[in-house]
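Peer 1:
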Amino acid sequence: MKKPLLRKFTTYCMTLILLAAMLGSFFPIQTQAANIVVCIDPGHGGTNNGAHYFGLWEKDLNLIIANAMQEELMKYEGITVVMTRTSDMTLSLEERAQIAADAGADFLYCIHLNASEDHNLFGAEVWVSAFGEYYSKGKSFGTIELQQLSEDIGVYTARGVKTRLSTDGSDYYDIIKHSVSRGVTPALIEHCFMDEAHDLNFYQSMEALKLLGKADATAVAKYYGLSSSVLNVDYSSYACPAFPVPTDVVIPDTTEPEVSKIELIGHNMVNNTASLHVYAADSDSKIIYYSYSCDGGKTWSKLWGWNADGEGYITIPLPKNQVRNVCIRVWNQYDKYTESNHIIF
């Protein structure tokens, strides 16, 4: 090819490239968005029943929540949802994690309901890995999840996003451990407690269970910035909370709150109540509950939610015609408590 012709050809190609760039500035080239793959794991199943209260098995309720979560997520564009089980079947924790890994899932959401040894705890919590990006991604999603459960349903969510370690320093929950070993980020969602009156309305009807699943799906959609033409929502601009990748293991709180102190503000003789100024603090985690005693710690009230920061005020009922020996306990996110000073009057 002669040089003048080559120059003309080169100029022609450059013109096409510039024209394409100019057109592209007005008409962006449409590319298919990367498809998000997530896995939903309804906890328990088959011979593994989970908690059992009021004639209800946790394994059945987990499946209802998970199905509602899947149904809601499928209304969003750009996401594929895989289920570890869709019926009452037995699966090992390794099998559940492997299903997620085989599907190429980025996240595994473990759906559970909770119960406590003393049947006195209430609220939602999310357990995540204590290591690296699995922690930072889990913490980010868990923060959105708890906010969604609080705002949409009213579940008490001060229990927070937490880690737990085994004696060998690895993640405590096997579903978290097996997921991480397969490159899948896990989040174990404990939606509420089945054995405490405060949480009963959150799971004892089909409608309530589906609301939990819908809230889970919305949290996922916000985390990934998804949109839905069916729901007419667009979370592409949602400010997803970001947490730095830790360089060390995120160690859970293993100690009691440092401060628990009360002052008597007043005694209402008509209503027979006492107003207390409470000082409570924990440097490792939040104060989330309090309970009180009027007989010096022989008997205790049920737990109450603590929403103050550092200090606050409470009013408690008093027994009639006896000496009052008042004290309180404050509890942190890891269910450890410290007892206050006693006030006798």
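At position 84 of the sequence shown the residue is numbered 1000 (the numbering used here), and the sequence of numbers has no breaks.
Just so you know, even glycine gets a beta-carbon here, dropped at the ideal spot from N, CA and C.
1. What distance in whole Å lies between the Cβ atoms of Pro-958 and Ser-1056, which are believed to be in contact at a cut-off of 8 Å?
2. Could you give the C-beta distance for Val-1096 and Asp-1087, rounded to a whole number, given that I count them as a contact under 8 Å?
3. Quick one: give me the first and last residue of the beta strand (DSSP E) that Ile-956 is part of.
4. Candidates Asn-951, Leu-989, Lys-1078: which alpha carbon is nearest Val-1149's?
5. Can you pull the DSSP bridge partners for Asn-1241?
6. Can you name the start and end residues of the alpha helix (DSSP H) that Phe-1263 belongs to?
7. Should the segment 1010-1022 be regarded as contacting the segment 1163-1174, the criterion being three or more beta carbon pairs within less than 8 Å?
8. State the CB to CB distance for the pair Asn-1036 and Thr-1006, rounded to an integer number of angstroms; the pair is presumed to be in contact (CB under 8 Å).
9. What residues in its chain sit with their C-beta under 8 Å from that of Leu-1219, if we drop five residues either side in the sequence?
10. Could you please give the first and the last residue of the uninterrupted beta strand (DSSP E) stretch that includes Tyr-1263?
11. Pick from Asp-1022, Tyr-969, Thr-1254: whose alpha carbon is nearest that of Ala-1103?
12. Is it the case that the Cβ atoms of Phe-1064 and Asp-1132 are separated by a distance below 9 Å?
13. Exposed or buried, what is Gln-948 when buried is set at 16 or more other beta-carbons lying within 10 Å of its beta-carbon?
14. Name the DSSP bridge partner or partners of Val-1100?
15. If you count every other CB in all the chains shown that lies within 10 Å of the CB of Gln-1238, and 16 or more means buried, which is it?
16. Would you check if the distance between the CB atom of Lys-1236 and the CB atom of Asn-1188 is smaller than 9 Å?
17. Are the beta-carbon atoms belonging to Val-1175 and Tyr-1195 less than 9 Å from one another?
18. Between which two residues does the beta strand (DSSP E) harbouring Lys-1177 extend?
19. DSSP three-state label for Ile-1167, please.
20. Out of Gln-1249, Arg-1240, Asn-1184, Thr-1163, which has the shortest C-alpha to C-alpha gap to Ser-1199?
21. Report buried or exposed for Phe-1261, applying the criterion of at least 16 other Cβ atoms within 10 angstroms of its Cβ.
22. When you compare only the Cα positions, how much space is there between Val-1042 and Ser-1217?
23. Ser-1191 to Gly-1221, Cα distance in whole Å?
24. Straight-line CA distance for Ser-1066 to Ala-1040?
Peer 2: Taking the structure as given:
1. Numbered from 1 along the sequence shown, position 140 holds the residue referred to as residue 1056. Numbered from 1 along the sequence shown, position 42 holds the residue referred to as residue 958. Rounded, the Cβ-Cβ distance is 23 Å, inconsistent with contact.
2. For the purposes of this step, residue 1096 is identified with residue 180 of the sequence shown, where counting begins at 1. For the purposes of this step, residue 1087 is identified with residue 171 of the sequence shown, where counting begins at 1. Contact flag correct, Cβ pair sits at about 7 Å.
3. Within the sequence shown, the letter at position 40 stands for residue 956. Unbroken beta strand (DSSP E) run through Ile-956: 952-958.
4. One-based indexing of the sequence shown puts residue 1149 at position 233. Looking at the Cα atoms, Leu-989 is the closest of the given residues.
5. On the sequence shown, position 325 is the one that residue 1241 refers to. DSSP lists Asp-1211, Ile-1260 as partners of Asn-1241.
6. Since the first residue shown for the chain is 917 and the last is 1261, residue 1263 is missing from the structure and cannot be characterised.
7. no
8. Mapped onto the sequence shown, residue 1036 falls at position 120. Mapped onto the sequence shown, residue 1006 falls at position 90. With 8 Å as the limit, Asn-1036 and Thr-1006 do not qualify as a contact, their Cβ atoms being about 31 Å apart.
9. Position 303 of the sequence shown, counting from 1, holds the residue named residue 1219. For Leu-1219, where only same-chain residues beyond five positions count, the Cβ hits under 8 Å are Asn-1036, Leu-1037, Phe-1038, Tyr-1205, Tyr-1206, Ser-1207, Trp-1247.
10. Outside the shown range of the chain, which is 917 to 1261, sits residue 1263, and nothing can be said about it.
11. Here residue 1103 corresponds to residue number 187 of the sequence shown, with the count starting at 1. Among Asp-1022, Tyr-969, Thr-1254, the Cα nearest to that of Ala-1103 belongs to Asp-1022.
12. The residue labelled residue 1064 in the question sits at position 148 within the sequence shown. The residue labelled residue 1132 in the question sits at position 216 within the sequence shown. Residue identity differs from the one stated: residue 1064 is Gln in this sequence, not Phe. Result yes, Cβ atoms of Gln-1064 and Asp-1132 sit closer than 9 Å.
13. Your numbering for residue 948 matches position 32 in the sequence shown. In this predicted model, Gln-948 has a pLDDT of only 31, less than 50, meaning its place in the structure is not dependable; the value taken from the coordinates is given anyway. The residue in question, Gln-948, is exposed, as its Cβ has fewer than 16 Cβ neighbours within 10 Å.
14. Residue numbering aside, residue 1100 sits at position 184 when the sequence shown is read from its first letter. Its beta-bridge partners do not exist; DSSP assigns none.
15. Looking up residue 1238 in the sequence shown gives position 322. Result: exposed.
16. For the purposes of this step, residue 1236 is taken as the residue at position 320 of the sequence shown. For the purposes of this step, residue 1188 is taken as the residue at position 272 of the sequence shown. Yes, Cβ-Cβ distance for Lys-1236 and Asn-1188 is below 9 Å.
17. Taking the sequence shown and counting its residues from 1, the one referred to as residue 1175 is at position 259. Taking the sequence shown and counting its residues from 1, the one referred to as residue 1195 is at position 279. Yes; because the gap between Cβ atoms is below 9 Å, this pair is in contact.
18. The residue you call residue 1177 lines up with position 261 of the sequence shown. Segment 1175-1184, the beta strand (DSSP E) holding Lys-1177.
19. On the sequence shown, residue 1167 is found 251 positions in, with the first residue counted as 1. Ile-1167: coil per DSSP, three-state reduction.
20. Sequence index remark: in the sequence shown, residue 1199 carries index 283 (1-based). The shortest C-alpha separation from Ser-1199 is found at Gln-1249.
21. Reading the sequence shown from its first residue, position 345 is the one you call residue 1261. That one is exposed.
22. Within the sequence shown, numbered from 1, the residue matching residue 1042 stands at position 126. Within the sequence shown, numbered from 1, the residue matching residue 1217 stands at position 301. Their backbone Cα atoms lie some 26 Å apart in a straight line.
23. Start at 1 with the first residue of the sequence shown, and residue 1191 comes out as number 275. Start at 1 with the first residue of the sequence shown, and residue 1221 comes out as number 305. Roughly 17 Å between the two C-alpha positions.
24. In the sequence shown, counting from the first residue as 1, residue 1066 sits at position 150. In the sequence shown, counting from the first residue as 1, residue 1040 sits at position 124. Approximately 9 Å, taken between the alpha carbons.
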